[in-house]
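The numbers in the sequence shown follow my numbering, run straight up by one, and end at 412.
We put the CB at the ideal spot given by N, CA and C, even for glycine.
None of these values were measured; they are calculated from a predicted model.
Everything below concerns the one structure shown next.
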Amino acid sequence: MKIAIPVETDEAEPRVAATPETVKRLVGLGADIVVQAGAGLASGIRDAEFEAAGAKLAPTAKDTVASADVVLKVRRPTPDEFADYKSGALVIAIMDPYGNEAALKAMAEAGLVSFAMELMPRITRAQVMDVLSSQANLAGYRAVIDGAAEYGRAMPMMMTAAGTVPAAKVFVMGAGVAGLQAIATARRLGAVVTATDVRPAAKEQVESLGAKFIAVEDDEFKQAETSGGYAKEMSKEYQAKQAALVAAHIAKQDIVITTALIPGRPAPKLVSKEMVESMKQGSVVVDLAVERGGNCELSEPGAVVVHEGVKIVGHNNVPGRLAATASALYAKNLFAFVETLVDKAAKALAVKWDDELVKATCLTKDGAVVHPSFSPKHAAE
Numbered sequence: 032m033k034i035a036i037p038v039e040t041d042e043a044e045p046r047v048a049a050t051p052e053t054v055k056r057l058v059g060l061g062a063d064i065v066v067q068a069g070a071g072l073a074s075g076i077r078d079a080e081f082e083a084a085g086a087k088l089a090p091t092a093k094d095t096v097a098s099a100d101v102v103l104k105v106r107r108p109t110p111d112e113f114a115d116y117k118s119g120a121l122v123i124a125i126m127d128p129y130g131n132e133a134a135l136k137a138m139a140e141a142g143l144v145s146f147a148m149e150l151m152p153r154i155t156r157a158q159v160m161d162v163l164s165s166q167a168n169l170a171g172y173r174a175v176i177d178g179a180a181e182y183g184r185a186m187p188m189m190m191t192a193a194g195t196v197p198a199a200k201v202f203v204m205g206a207g208v209a210g211l212q213a214i215a216t217a218r219r220l221g222a223v224v225t226a227t228d229v230r231p232a233a234k235e236q237v238e239s240l241g242a243k244f245i246a247v248e249d250d251e252f253k254q255a256e257t258s259g260g261y262a263k264e265m266s267k268e269y270q271a272k273q274a275a276l277v278a279a280h281i282a283k284q285d286i287v288i289t290t291a292l293i294p295g296r297p298a299p300k301l302v303s304k305e306m307v308e309s310m311k312q313g314s315v316v317v318d319l320a321v322e323r324g325g326n327c328e329l330s331e332p333g334a335v336v337v338h339e340g341v342k343i344v345g346h347n348n349v350p351g352r353l354a355a356t357a358s359a360l361y362a363k364n365l366f367a368f369v370e371t372l373v374d375k376a377a378k379a380l381a382v383k384w385d386d387e388l389v390k391a392t393c394l395t396k397d398g399a400v401v402h403p404s405f406s407p408k409h410a411a412e
């Protein structure tokens, strides 16, 4: 059982799919681990550390993945990459399947068995494999750090002989994993924090972290959560009422952090140009949804935009801005999943195709796109 960890080909991706800790544990499952030289450097891991953990080093991606039974990656491989993968290899990564059906079809035609880690079901046994949570947690933290750096003023209230510095006002939009971590981080830095979310359950979570909850709490609000714990898309009427409340609130804020995402859809627009223009000179908006179209009308992927004195921060791959920590958590998520695919007694791959984790995450198999949400049959419907 050979497991390969190649270098990520996207220059904007500093994370790596394994760490010395997970390499040791994979070796313990009976795997031969091959790591491409330099794969961990951007995450602060030297080649020698992988070797000490039991991995072999390969000079090129082609040598790394040659005859590999499993390929572990951060991002979905490109056709140039998987041209060197053997047919039937298991490829496990963050696959970004929505809107990328052609890429899935190409992987299927190459004979790959691919798994999307971000489709892991939100059930108790899969919590340790939840890459969305592990990476969003870091994104929420980093958003506050980035916002504070761009703000140019102190975050906590400071009482000095020269006068009192007021605490910064931070407003977090979306109280999922990223939003809750943003709230906690902003509070630790001494800011006065408010937050909003369309899910009723979020109110208690927000208040438990010492922040004030801001929302139009009508009957629609009370029903605004899916069985899977995600936010529902709200009616136009509710959105208008909430937007009016938020617009009045944003005008008084120093830092606004937006985290709202709906799986499989473009990010909802929450902060308009007019809202940005209502903010004070030197205020900051940090848009964590910029890669999905952005929650702020003015945000641009990979850029810090200045509009009428307000900075709109749109960094791509925010978890990757904490590459060492992000890789450590992601690698543990991957190991936990790979462990379920291995027969520990035989020390060999033994995928249980009826396992709910496998059924939820498997995209391609036997030359076809098999996931019900992305199969051609689903698209035709």
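Collapsing the DSSP output to three states places F368 in a helix.
The Cβ atoms of V382 and L135 do not sit closer than 8 Å to each other. Uninterrupted alpha helix (DSSP H) stretches at least 4 residues long and entirely within the segment 115–188 occur at 132–140, 162–182, given in chain order. Boundaries of the beta strand (DSSP E) harbouring R106: 101–106, taken from the DSSP string. For L220, no beta strand (DSSP E) segment is defined, and its DSSP state is neither H nor E. The criterion of a C-beta distance shorter than 8 Å is satisfied by C327 and V302.
Here L150 is actually not in contact with V122; their C-beta atoms are around 14 Å apart, not less than 8 Å.
Excluding sequence positions up to five before and after I36, its CB lies within less than 6 Å of the CB of A48, A49, V66, A70, L103, all in the same chain and listed in chain order. Around I245, the same chain offers T225, T227, H280 as residues with beta carbons nearer than 6 Å, after the five sequence neighbours per side are excluded. Measuring C-alpha to C-alpha distances from M186 to each of F202, F113, E238 identifies F202 as the nearest.
8 Å or more divides the Cβ of G295 from the Cβ of D318. Per DSSP, reduced to three states, the secondary structure at T290 is coil, with no helix or strand assignment. Proximity to G207 across I176, S165, A193 peaks at S165, based on C-alpha coordinates. Beta-bridge pairing by DSSP links A89 to Q67.
Residues of the same chain with a CB within less than 7 Å of the CB of S406, apart from the 5 flanking positions on each side, are V400 in chain order. CA-to-CA, the gap between D386 and E339 works out to about 54 Å. In this model, A199 and L360 are separated by some 31 Å (Cα to Cα). Minimum Cα-Cα distance from A133 among the listed residues P108, P152, K311, A354 corresponds to P108.
S74 is classed as buried because its beta carbon has at least 16 other beta carbons within 10 Å across all chains shown.
A Cβ-Cβ contact shorter than 8 Å links V196 with M188. Shown here, K304 sits in a helix according to DSSP, grouped into three states. The alpha-carbon separation between L353 and I76 amounts to approximately 13 Å. In this chain, the beta strand (DSSP E) harbouring I36 covers 33–36. Taking all protein chains in view, the Cβ of E238 is surrounded by fewer than 16 other Cβ atoms within 10 Å, so the residue is classified as exposed.
The continuous alpha helix (DSSP H) containing D111 extends over residues 110–113. By alpha-carbon distance to T371, the top candidate from A180, K300, L60 is L60.
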